[in-house]
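Residue numbers (our numbering), protein chains in the order written: chain Y, 1 to 162; chain X, 1 to 759; chain A, 1 to 81. All residues carry an ideal CB built from backbone N, CA and C; glycine is no exception.
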Amino acid sequence: MAGVHVSTTINGDAVEFVCPGNETLLDVLRDRIGLTGSKEGCGTGDCGACSVTVDGQLVCSCLVLGAEVEGRKVETVEGLADGDKLHPLQSKFIEHAALQCGVCTPGFLIAAKALLDYNPKPSEEEIRYALAGNLCRCTGYDKIVRAVDAAAKEMSRVAKRK
Amino acid sequence: MTPDPKYTKQKFKLVGTRPLRPDGLDKVTGRARYGADISAPGQLVGAILRSPHAHAKIIKIDTSKAEKLKGVKAIITSADLPDLTNGDRGMLDILENCMARGRALYDGHAVAAVAAIDAATAKKALQLIKVQYKKLPHVTDVDEAMADDAPLVQPHVRTRGGDSDKPSNIVSISTFGHGDVEAGFAKADVIIEKSFKTEQTHQGYIEPHACLASVGPDGQGELWVTTQGHFVFRNTCAALLGMEIAKLKVTSSEIGGGFGGKTHVWIEPVALALSRKANRPVKLVMSREDVFRASGPTSSTSVDVKIGAKKNGKITAAKATLRYHDGAFPGIWGMLGAMTSFACYNLENVQSIGYDVLVNRPKVAAYRAPSAPMAAFGIESVVDMLAAEIGMDAVDFRIKNAAKKGTRASYGPTYGPIGIGPTLEAVKNHPHMRAKLGKNQGRGMACGFWFNFGGQTCTDLNIGVDGTVNLAVGTVDVGGARASLSLIAAEELGIPYEQVKCNVADTTSLGHNDMTEGSRGTFSSGMATIFAARNAVEELKVRAARTWEIDVKHVEWADGQATAKGVMHSNLSPLTLTDLAKASPNTGGPIAGHSESVADGAGVSFASHICDIEVDPETGATKVLRYTVVQDAGMAIHPDYVEGQFQGAAAQGIGWALNEEYVYGADGRLQNPGFLDYRIPVCSDLPFIDTEILEIPNPNHPYGIRGVGETSIVPPLAAIGNAVSNAIGVRMDHVPMSPPRILKAIKEAAAAEQEVSAG
Amino acid sequence: MLEVQLSGSLRDAAGGAASIHINAATIRELFRKIVEQHPRMQASLDEGVAVSINGEIYRDDWAQMIPEGAEIFLLPRIPGG
């Protein structure tokens, strides 16, 4: 099958690649570009471990084709931190022990950031429903919800000061 | 000097605090490497062809067309995996499960494998392999498999503990207990007898099995793999492939969940065999569908429980008959269910009989406190029914009959100091019990038991010249143990937590370490870390003595430094660990401490849970309103991670109780091998899970640590069963209590009531 | 003299006895003498047993001392998850 040439932006960097038309964005990220932070937990869009944003929209990268991100902006977990400054979500996840094995964590961070981008002050219920597309088998979600809430509050404080 | 594992009460400076875990940064930035996250130059992609039949004879496998496909570098079948097991049936079963030998025993059983230059080619190659099957009758239900005319899964099996010498699907019948149950029932004022069923579930780890294997024609090889035990994987793979242990280097990746499912090999021998044949690295990753079909789920069960008590609440006799399936290969899961059955209680007359039964389903593997949750569902439900019949509070009834120090356990030995009483008292006094319940809401509680294990552990502690410490351990870190182990090392050495870096070493760098299972990770490696650190402290004292040119018996170690005792040495300033490390090149070289030990005598663990459930009587849907876990941890090294184990185990139990099940069709095929239809709890299904950590020190560990990882998956099935039963006024006897089952129970009860009032 | 209680399937290998009498100071010695008395128990030991000494379960450490008059139970070797 002839490859498709794609020019895109990933975590702010211009990236070009060639991939088969039927290759998923997840496989492109992991195997062609080497960004293994997004994980394949199921390959069918049921677990959210592969969550990324495309033009700010939260998607399962296993359900998006590599070819579809032509001319678009892709954000993955590798782009969350600002240089050596962690995103408040990243810090709070560590502080609140919101990860045990950590394999679902990249997906949760991306999904939580997508939530806070459109709803900076979510209630517990809003957090739980926004993250219902991300499966975690280790934590029971308790500390994850607390971490997201803490990050939201911190980001609010910082925004107020500005 | 043999280290003494006995508990010595001491005040801690660091242990019990909540510092940040050392692997946190890598895990929140995507830098951490799991099983499928590394690649090797020139690597091939492996793929496995699996049987679409529940039971079939394999007449012929024709790989000729696949071999001609451009890009295919190796194809293997069982012919490439000769039997080197030397009559070891257990090892042969493992080998046969990894690759079928003339017969497919379950839907998903591996029959052939390919290694090709990319995934697309590998997939095409699988489609070109022609397998000629002769379908055989199959059986997937545990009770049906016990019938005399059931299709035989393993013709060589004869029932151990059974009467006849005829082929059977019943692997063994195991009996535990003491006293005279018939006499006990005769004395009872009230007897409750009921049967229960639980369906098969999967550990559900988010990361599928994955490995990168690289074997050369010189018999040396490397394996990068997601596993709960890389040393055991090494030994098993080496044995199956005829390799020497020292020549197979296995490195544990970060593990994305295991819960017992990654204590067995599934694809690893296949990847190694492919790599050996192709003489190139082979990366093999299981799809989610294959994980469900062909790794190691739990047993489904069928359990009969009978308990009798006097009007004052004292149990006079308890009996359980438990039928568990092992999948297609013999196992001990029914036996384990029988062992754990009545372990929470102080009983004069008790009997539990466990059946292990073969069915055409994947080989059952351990799942967090294996076999205990299913037994607890039946028993804790009947305990509730009995308490209600007598008119006694459910918690008080359990307190009256709880096991304690000196009780003869239902599985045989006499208990030392145990925590079941304290967890029940804590539940009784917990504010959760006073929360108001509304319409269609019910409260349930249950208690649970599990063993804790020790095992072989080897730890290496090396001090760098700047005074920072490398702690190399061999137990895989499944949930944050590196933080706890660093705390322990820092506590023993008297240095800040941040000065210690804990790593999980590969198999060439340490002696054998048993797997992270049986709640042993922190318990065993913690013990080995204490001994290795104390070892290092002895050496530090020697170095101080050399530096001061005094006798080492005058040197003391405390708070991270050596001081010289005695008036004659009062002029000598203390030497810190960093001072001694810096001077080490000239005082004898690198300073280190080692420990090879067998941590053992770990004791047992108890938990009691409370939950509130709301049931929608129109749809049968349930909502978990409140959930509380009380469990004895002995000593919580890092409380955040102990809480995490309580909450995670409870969440798995909640999913098992309310929604998770393997659905097999009449054709013997798994109908729901994916996360959409195998529905585990999501964030919106659960409330915050309240935890209370009790600390009753374990007398066989220097810090009093008990294993914590498994026990809290045991009570949820029954706690929720009791809550749902209280909410709808109908006793639930089939797990999962999914909406259709709850609706059916409500309707049947309503119909029965109508009959009674009409008649 | 220790009274070694046998559980479930281990009783078969001892000719159906619920307990056997052995003199031993360590687990290793216990196993050696059990097999001397009941050769069929070798298969069970090979498969894996755990020893409970006064309620504490030992799966691996055969050097473990057995106190005088201790309560001894032979159990199948139990895996965790």
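Counting only C-beta atoms, is residue i closer than 8 Å to chain X at any point?
i, result
"L109(Y)", "yes"
"T139(Y)", "yes"
"G3(Y)", "no"
"G81(A)", "yes"
"D142(Y)", "yes"
"G21(Y)", "no"
"I94(Y)", "yes"
"C62(Y)", "no"
"K85(Y)", "no"
"C42(Y)", "yes"
Would DSSP call residue i helix, strand or coil?
i, result
"A56(X)", "strand"
"C683(X)", "helix"
"M1(X)", "Bear in mind that a pLDDT of 43 at M1(X), under 50, signals an unreliable position, so the number given afterwards is only what the model happens to contain. Residue state, collapsed to three classes: coil."
"G45(Y)", "coil"
"T508(X)", "coil"
"W548(X)", "helix"
"C101(Y)", "coil"
"Q561(X)", "strand"
"R482(X)", "helix"
"N401(X)", "helix"
"W450(X)", "strand"
Going along chain A, which residues have a C-beta under 9 Å from residue i?
i, result
"G603(X)", "G55, E56 and I57"
"G161(X)", "G8, S9, R11 and D12"
"L336(X)", "P76, I78 and P79"
For residue i, which residues in chain X fall below 7 Å Cβ to Cβ?
i, result
"F46(Y)", "Contrary to the premise, residue 46(Y) reads as Asp rather than Phe in this sequence. Per Cβ cutoff of 7 Å: G674, F675 and L676."
"Y129(Y)", "S684"
"V103(Y)", "Y34, I206, E207, G256 and G257"
"L135(Y)", "I206, F675, I680 and V682"
Answer with yes or no whether the minimum CB distance from residue i to chain Y is below 8 Å.
i, result
"K27(X)", "yes"
"A36(X)", "yes"
Excluding the 5 residues preceding and the 5 following residue i in the sequence, name in chain order all residues of the same chain whose CB lies nearer than 6 Å to its CB.
i, result
"R669(X)", "D107"
"R59(X)", "The question names Arg, but residue 59(X) is Ile in the sequence shown. For I59(X), where only same-chain residues beyond five positions count, the Cβ hits under 6 Å are Q132 and K134."
"L284(X)", "G46, C211, I267 and A271"
"R276(X)", "V215"
"P19(X)", "Y497"
Would you say residue i lies against chain A (beta-carbon separation less than 8 Å)?
i, result
"D356(X)", "no"
Just to confirm my understanding: we take residue i, look at its own chain, exclude 5 residues before and 5 after, and list those with CB closer than 7 Å. What are they?
i, result
"F531(X)", "P3, S595 and S597"
"S524(X)", "G454, G455, T457, T475 and A599"
"M1(X)", "Model confidence at M1(X) stands at a pLDDT of 43, short of 50, so the residue's coordinates are unreliable and nothing is read from them."
"N235(X)", "I245"
"D632(X)", "G419, P422, T423, S605, F606, L694, I696 and R706"
List, in chain order, every chain A residue whose beta-carbon is nearer than 8 Å to that of residue i.
i, result
"G412(X)", "Q5, S7, S52, F73 and L75"
"P370(X)", "P79, G80 and G81"
"Q456(X)", "D60"
Determine the chain Y residues that contact residue i at a beta-carbon separation under 8 Å, and present them in chain order.
i, result
"F233(X)", "Neighbours of F233(X) on chain Y: none; closest Cβ ~18 Å, over 8 Å."
Would you kindly check if the distance between the Cβ of residue j and the Cβ of residue i is under 8 Å?
i, j, result
"I742(X)", "V615(X)", "yes"
"Y7(X)", "G704(X)", "yes"
"S300(X)", "W333(X)", "no"
"L116(Y)", "A159(Y)", "no"
"Y34(X)", "F292(X)", "no"
"Y415(X)", "A403(X)", "yes"
"L572(X)", "T529(X)", "no"
For residue i, which residues in chain A fall below 7 Å Cβ to Cβ?
i, result
"T175(X)", "G8"
"I332(X)", "P76"
Report the neighbours of residue i on chain Y: residues whose CB is nearer than 9 Å to its CB, in chain order.
i, result
"R21(X)", "I94, A97 and L99"
Along chain X, in chain order, which residues have C-beta atoms closer than 8 Å to that of residue i?
i, result
"V145(Y)", "C683 and F688"
"V77(Y)", "V28, T29 and G30"
Apart from the five residues on each side of it in sequence, which residues of its chain come closer than 8 Å, Cβ to Cβ, to residue i?
i, result
"T711(X)", "A369, G448, F449, W450, S519, S605, F606, A607, Q631 and A649"
"Q37(A)", "I20 and I22"
Taking residue i as the query, report the chain C residues whose CB atoms sit under 8 Å from its CB, ordered along the chain.
i, result
"F449(X)", "Reference to chain C is not applicable here, since the protein chains of this structure are Y, X and A."
If the cut is a Cβ gap below 7 Å, which residues of chain Y does residue i touch?
i, result
"D640(X)", "A97"
"S287(X)", "G43"
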